[in-house]
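A short write-up of the structure that comes next.
Shown next as structure tokens:
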């Protein structure tokens with residue numbers, strides 16, 4: 002595995018979330034909050050999922066749901082073949 006290239010806007014929780022989704026195929030903020038040792042609240046996890054969604058690293062399984070899966074870009078990031086800083090400048094959890 003190559004070294005991952007994180008963007009300045011990313012935090013360690015982002016990688017843990019993506020790693021968990023990769024392992025489980027999909028996840029919700031509640032599952033991530035309850036089933037991991039990340040010590041992140043539902044709200045914080047959901048905020049980071051929305052940022053990762055805006056960046057193209059995860060996507061919702063349904064349009065308005067809270068079930069997320071890893072995208073091809075997310076997979077490439079975890080493998081170290083995608084530079085997150087070059088992929089997206091700074092996503093926002095408030096983007097529509």
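Residue numbers (my numbering): 2 to 97. Here a beta-carbon is modelled for each residue, glycine too, at the ideal position from N, C-alpha and C. Note that the structure is a prediction, hence the values are computed from the model and not measured.
Distance between residue j and residue i (C-alpha atoms, nearest Å)
i: residue 52; j: residue 17; result: 14 Å
i: residue 84; j: residue 59; result: 16 Å
i: residue 88; j: residue 72; result: 13 Å
i: residue 5; j: residue 65; result: 30 Å
i: residue 3; j: residue 37; result: 25 Å
i: residue 79; j: residue 21; result: 11 Å
i: residue 34; j: residue 81; result: 26 Å
Own chain partners of residue i with C-beta closer than 6 Å, once the 5 adjacent residues on each side are dropped
i: residue 10; result: 91
i: residue 77; result: 83
i: residue 8; result: 85, 86
i: residue 41; result: 14
Close beta carbons around residue i, own chain, < 7 Å, minus the five adjacent residues each side
i: residue 30; result: 43, 46, 47, 50, 67
i: residue 15; result: 49, 53
i: residue 27; result: 62, 68, 69, 70
Opening and closing residue of the beta strand (DSSP E) in which residue i lies
i: residue 71; result: 69-71
Identified DSSP bridge partners for residue i
i: residue 60; result: 70
i: residue 84; result: 6
C-beta neighbour in chain D for residue i, strict 8 Å
i: residue 63; result: Here chain D cannot be found, since the structure has a single protein chain.
Contact set for residue i: own chain, Cβ-Cβ below 8 Å, skip 5 residues either direction
i: residue 55; result: 89, 92, 93, 94, 96
i: residue 57; result: 72, 74, 75, 88, 89
i: residue 25; result: 32
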